[in-house]
Amino acid sequence: MNTLMSRALDSAQMAGAQYADIRVVDSRSENIQVKNGVVETLNSSESLGFGVRVLVDGAWGFASSRELTAEQIESVSRRAVEIARASGLVRGEGVDLGPAVKSLGSYQTPVEIDPFSVSLEERLAVLLAADSEMGRVDGIRVRQGNLVSIRENKWFANTEGAFTEQTIIETGGGIIATAVGESEVQSRSYPTSFGRQQVTAGWEVVLEWDLPGNAERVGNEAVALLTADPCPTDVTTTIILGGDQLALQVHESCGHPTELDRVFGSEAAYAGTSFLTPEKLDGFRYGSDSVSITADSVRPYGLGTFGWDDEGVPAQSTPIVKDGNFVGYLMSRETASRLNKVSNGCMRASSWNRIPLVRMTNVSLEPGEWDLEDLIADTDEGIYMATNRSWSIDDRRYNFQFGTEIGHEIKNGRLGRMLRNCTYTGITPEFWNSCDAVCNEKHWTMWGTPNCGKGQPSQIAHTGHGAAPARFRNVRVGVFKQQ
Amino acid sequence: MLGQKGAETVCKDVLTRAGTDQVEVLFMVEDQSLTRFANNTIHQNVAERNGRLMVRVLQGKRIGLATSNRMDRDGLDALVENGRTNAEASAEDPDYPGLPEPTEYSAIEAFDQATADFSPEARARAVAQVCRLSGEKGLNGSGTFSTGTSEVAVANSQGVFAYHISTNADFQTVVMSGDSSGREQGSGWRVADIPVEFLGETAIQKAEVGRSPGKIDAGEYPVVLTPYATEDLLNMLNYYGMGAQTLLEGRSWMSDRLGERVMSGLIDIWDDGLDPNGVPMPFDYEGVPKRRVDIVQKGKVNGPVYDRITGGKMGKTTTGHAPPATMRSLGPMATNLFMARGTASTDELIRSTDRGLFVSRFWYTRLVHPRDCVITGMTRDGVFLIKDGELTYPIKDLRFTQSYVEALANVEMVGSETRLLVSEFGGYATRIPALKIGKFNFTGSTV
Chain A
1 MNTLMSRALD SAQMAGAQYA DIRVVDSRSE NIQVKNGVVE TLNSSESLGF GVRVLVDGAW
61 GFASSRELTA EQIESVSRRA VEIARASGLV RGEGVDLGPA VKSLGSYQTP VEIDPFSVSL
121 EERLAVLLAA DSEMGRVDGI RVRQGNLVSI RENKWFANTE GAFTEQTIIE TGGGIIATAV
181 GESEVQSRSY PTSFGRQQVT AGWEVVLEWD LPGNAERVGN EAVALLTADP CPTDVTTTII
241 LGGDQLALQV HESCGHPTEL DRVFGSEAAY AGTSFLTPEK LDGFRYGSDS VSITADSVRP
301 YGLGTFGWDD EGVPAQSTPI VKDGNFVGYL MSRETASRLN KVSNGCMRAS SWNRIPLVRM
361 TNVSLEPGEW DLEDLIADTD EGIYMATNRS WSIDDRRYNF QFGTEIGHEI KNGRLGRMLR
421 NCTYTGITPE FWNSCDAVCN EKHWTMWGTP NCGKGQPSQI AHTGHGAAPA RFRNVRVGVF
481 KQQ
Chain B
1 MLGQKGAETV CKDVLTRAGT DQVEVLFMVE DQSLTRFANN TIHQNVAERN GRLMVRVLQG
61 KRIGLATSNR MDRDGLDALV ENGRTNAEAS AEDPDYPGLP EPTEYSAIEA FDQATADFSP
121 EARARAVAQV CRLSGEKGLN GSGTFSTGTS EVAVANSQGV FAYHISTNAD FQTVVMSGDS
181 SGREQGSGWR VADIPVEFLG ETAIQKAEVG RSPGKIDAGE YPVVLTPYAT EDLLNMLNYY
241 GMGAQTLLEG RSWMSDRLGE RVMSGLIDIW DDGLDPNGVP MPFDYEGVPK RRVDIVQKGK
301 VNGPVYDRIT GGKMGKTTTG HAPPATMRSL GPMATNLFMA RGTASTDELI RSTDRGLFVS
361 RFWYTRLVHP RDCVITGMTR DGVFLIKDGE LTYPIKDLRF TQSYVEALAN VEMVGSETRL
421 LVSEFGGYAT RIPALKIGKF NFTGSTV
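In order, the protein sequences belong to chains A and B. Read in order, the letters of the first sequence correspond to residues 1 to 483 in our numbering. Read in order, the letters of the second sequence correspond to residues 1 to 447 in our numbering.
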């Protein structure tokens, strides 16, 4: 591998590149989906290929191929240089990558039980048992379950002397029960929505989640939601968000706007820009004193946990929001140098055939001091909302609207009646400044978001978000008028 | 690219390895390039050569799938072995009707050599025009210009072999001032059909007239939607209800409405994989020929698109809309959608509006509730207040929460021109007109 990779770097330099890097990615995944007792998908997927990124006279080029041969390595490297020269026809002010990156070493996700060592029959048995438990609930129309195992072997080398090798292992799983009424459709998911919870770990997490043990409850909740009272329409009240919902709130309203490539306009035509412009750094009140948010790639279980990013920068932890103050960005080498800073290791590509972009690692809301029970008891009136159902935010990440699978009224410090079709909306800094309590470590979970889209051509990243339930005051809820 | 003979050889190699097992092979090879620009400079410029093989191995009623991008001897051995192992571990599938038998399909012209040969330099020179024009106006131009070639083949042990080669080209640009933006897009399978400079000039003009937007209260307004906004209505209605699977599971907006008139009588929606005015594809991912499906006729819900699984369960015949085996849970979906044009020019749509909003585009739209296809999202890249039949001033972006079924029920006029757009999710094309809708529910605004 070393020889092939060196050949790419040599070929690129011979063709005129001042900087080059190569990533070789060999990935394998297994995906099992069961619906209404039928095994709809049992798929093993393999993908092998490499991508060469070059800088020629201040302009970028990238080419990739699935054929990992010496001939293709040379041809693709030359193609990358040719593309960079074309970029040079419309070049900017040049590229400063900052200090050289010379990382060396290897990394592997720690796992207790390699998910690929667990037989397909055993994995399938978990889903079929959960399906059977959901099937015990009258009124469930669609029962779904899925398990995902991923192993990605990745090699990186650059012309500055870096050479790293890492193996990232991810395990994911989840169930969904859907009930259908006369004019109503309601779903409940476990451990979280959009199919599954996913983390960097082994089969041990699936055993912890106990999908079959939660299946009947999930089914009962879906059926109960059909006849639950609707969320009050267009009122301003207090809300407590469950950790899984808050994870996506952090992702959309803090993670994305702190991506420094967006701030500089790289995503303007597609994913949008950001309201967190550079003059706000170290001088903008993003949230209340209760709000501290960290970007890190070292915490266990996170889908943004690795050894090095896709520029060879080591994994690390950096504050983004500290006690409510906006203090940091997610950065690449190029974007960091524009602010006279050094990359904090956030360049990630979805596979060998995509360039790295500034992506979230694990962007997490740090735990506070409250027990959830105490927080609810401390709330006179409001709504507890959990598990995301819909999400939308504007192109500068100000105006958002979220919907959740389930809600419960809070009255006089107690959880009351179940509420369906809950929605809430707000403006990002106003919302985070209305946060007056965050629950403690006991309630904090590292949630996985394996479906983060960005870039053209499209890239789907896997990101992590630790969060515990938190309380927000004066939030507009019930945007969706319903019968 | 491997060509039809090359694709056939690879598929046969896989089928031979499967021995007596029933097997289906899906072969997909692509050579794609994309030039991306922002701040009036090219900042990303990429190319990819990839190919994938997907097998569905049947052992009785048990099915195993395997996918790989390795097409060498060892790769093909491993592919078939993985599919076989998965079939052995799987449970019996009572819903799958078995592999399809060969059926004649119509070959469709969708390949353009000039598009396949379009070079990085040619893309850069086209992009340079837009960057230069934006720069001259003190505006910030960004966007993408992509070109490529794709091959798809489907073969199975029952004798099916279907092959299609196509090219694709797409240009999109967002041009921004400090407080406004304009966007244009052109898609097709011939790069020469995309008027890059014209699209750039139009986006620039929109960014200029959109400067200094005012605020307006949320509420219900009549709207004139450009085809870019109409596209979102069709894409969402497709994803959340035009496929038979959603109907079968009771979560389609069509549920309990088949045969009913739920949209304006001006609305006709159909899917036609054979129409070269879209992005044609003659067969589905099982090699079954595509048929035209009239989904909504004069506002009346006619029915969804089917694959063989959903057709079998619902007593219908497949319409040739099977997804790849690995995406079975999504069910069949329309892929080459059309909405019928009307008779009004965009100016006439505006002139007929006493007070309303001209909406350039919707963005970040998500499902709030399935049964009426209630969607929330933002406007983007230009909203203008219409007063007394004229565009007056620009408005800051608004959030809406609106049933798309109800929106199409309230259509009052349909534009006379249609535009072909390829979905951001790839592979799905729509040809749609502008619309005038009597009321549309805006629920908030941004900073």
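Glycine included, every Cβ here is placed at the ideal spot set by N, Cα and C.
Nearest candidate by alpha-carbon position, reference residue i, set the options
i                : options                                : result
Ala377 (chain A) : A:Ala437, A:Asp57, A:Gly105, A:Ala59   : A:Ala437
Gly98 (chain A)  : A:Glu373, A:Tyr19, A:Ser47             : A:Tyr19
Asn153 (chain A) : A:Ala179, A:Glu184, A:Arg28            : A:Arg28
Glu170 (chain A) : A:Gly135, A:Phe306, A:Asp96            : A:Phe306
Ala130 (chain A) : A:Ser106, A:Gln144, A:Met347           : A:Gln144
Ile460 (chain A) : A:Thr318, A:Lys411, A:Ser253, A:Asn353 : A:Asn353
Leu248 (chain A) : A:Gly287, A:Leu124, A:Phe402           : A:Phe402
Gly324 (chain A) : A:Ser317, A:Gly345, A:Ser434           : A:Ser434
Gly135 (chain B) : B:Val160, B:His164, B:Ser177           : B:Ser177
Pro314 (chain A) : A:Phe163, A:Met1, A:Val52, A:Val111    : A:Phe163
Asn399 (chain A) : A:Pro257, A:Val185, A:Ala80            : A:Pro257
Glu46 (chain A)  : A:Gln197, A:Ala269, A:Leu104, A:Glu30  : A:Glu30
Leu53 (chain B)  : B:Tyr240, B:Ser33, B:Arg371, B:Pro324  : B:Pro324
Gln205 (chain B) : B:Gly138, B:Ala89, B:Arg291            : B:Gly138
Closer than 9 Å to chain A by CB, residue i
i                : result
Tyr451 (chain B) : In the structure as shown, chain B begins at 1 and stops at 447. Residue 451 (chain B) is therefore absent and cannot be evaluated.
Glu121 (chain B) : yes
His321 (chain B) : no
Phe198 (chain B) : no
Glu249 (chain B) : yes
Asn168 (chain B) : no
Ile63 (chain B)  : yes
Phe37 (chain B)  : yes
Pro66 (chain B)  : A small fix is needed here, since residue 66 (chain B) is Ala in this sequence, not Pro. Answer yes: the Cβ-Cβ gap between Ala66 (chain B) and chain A drops below 9 Å somewhere.
Pro102 (chain B) : no
Interface residues of chain B facing residue i [CB-CB closer than 7 Å]
i                : result
Glu133 (chain A) : Within chain B, no residue comes near Glu133 (chain A); the closest Cβ sits about 17 Å away, beyond 7 Å.
Trp209 (chain A) : The contacting residues do not exist; Trp209 (chain A) stays about 20 Å from chain B at best.
Per-residue burial, residue i [other beta carbons within 10 Å of its own, 16 or more giving buried]
i                : result
Asn168 (chain B) : buried
Asp388 (chain B) : exposed
Ser345 (chain B) : exposed
Arg136 (chain A) : exposed
Gly312 (chain A) : buried
Phe442 (chain B) : buried
Thr69 (chain A)  : exposed
Thr343 (chain B) : exposed
Asn421 (chain A) : buried
Phe198 (chain B) : exposed
Val235 (chain A) : exposed
Asn340 (chain A) : exposed
Ser212 (chain B) : exposed
Contacts that residue i makes with chain B (C-beta to C-beta distance below 8 Å)
i                : result
Arg79 (chain A)  : Ala47
Leu124 (chain A) : Ala89, Ser90, Ala91
Closer than 9 Å at the beta carbon, the chain A residues around residue i
i               : result
Ile42 (chain B) : Ala59, Trp60, Ala86, Ser87, Gly88, Leu89, Val90, Arg91, Gly92
Chain A contact residues for residue i, given Cβ-Cβ distances below 7 Å
i                : result
Asp397 (chain B) : Asp394
Asp95 (chain B)  : Val38
Tyr306 (chain B) : Per Cβ cutoff of 7 Å: no residues; Tyr306 (chain B) is ~17 Å from chain A at best.
Under 8 Å by beta carbon: chain A residues contacting residue i
i                : result
Pro280 (chain B) : Residues of chain A passing the Cβ test: none, with the nearest at roughly 22 Å.
Gln32 (chain B)  : Pro457
Below-9 Å beta-carbon distance, residue i vs any chain B residue
i                : result
Tyr270 (chain A) : yes
Glu545 (chain A) : With chain A represented from 1 up to 483, any question about residue 545 (chain A) goes unanswered, as that position is not in the structure.
Asn474 (chain A) : no
Ala386 (chain A) : no
Ile83 (chain A)  : yes
Any non-hydrogen atom of the ligand SAM closer than 8 Å to residue i Cβ
i                : result
Asp234 (chain A) : Annotation note on the ligand SAM: not contained in the displayed structure, which lists no ligands.
(request) Counting only runs of 4+ residues fully inside the segment 50-138 of chain A, write out the alpha helix (DSSP H) ranges in chain order. (result) 70-87, 120-135
(request) Would you list, in sequence order, the uninterrupted beta strand (DSSP E) runs of no fewer than 3 residues that lie entirely inside the segment 9-39 of chain A? (result) 19-35
(request) Tell me the start and end of each unbroken beta strand (DSSP E) in the segment 11-38 of chain B that is at least 3 residues and wholly inside, in chain order. (result) 22-38
(message) So within the segment 189-254 of chain A, which uninterrupted alpha helix (DSSP H) runs reach at least 4 residues, ignoring any that extend past its ends?
(response) 204-209, 211-227, 243-250
(message) Which runs of the alpha helix (DSSP H) at least 4 residues long sit entirely within the segment 213-298 of chain B? Give them in chain order.
(response) 227-239, 244-248
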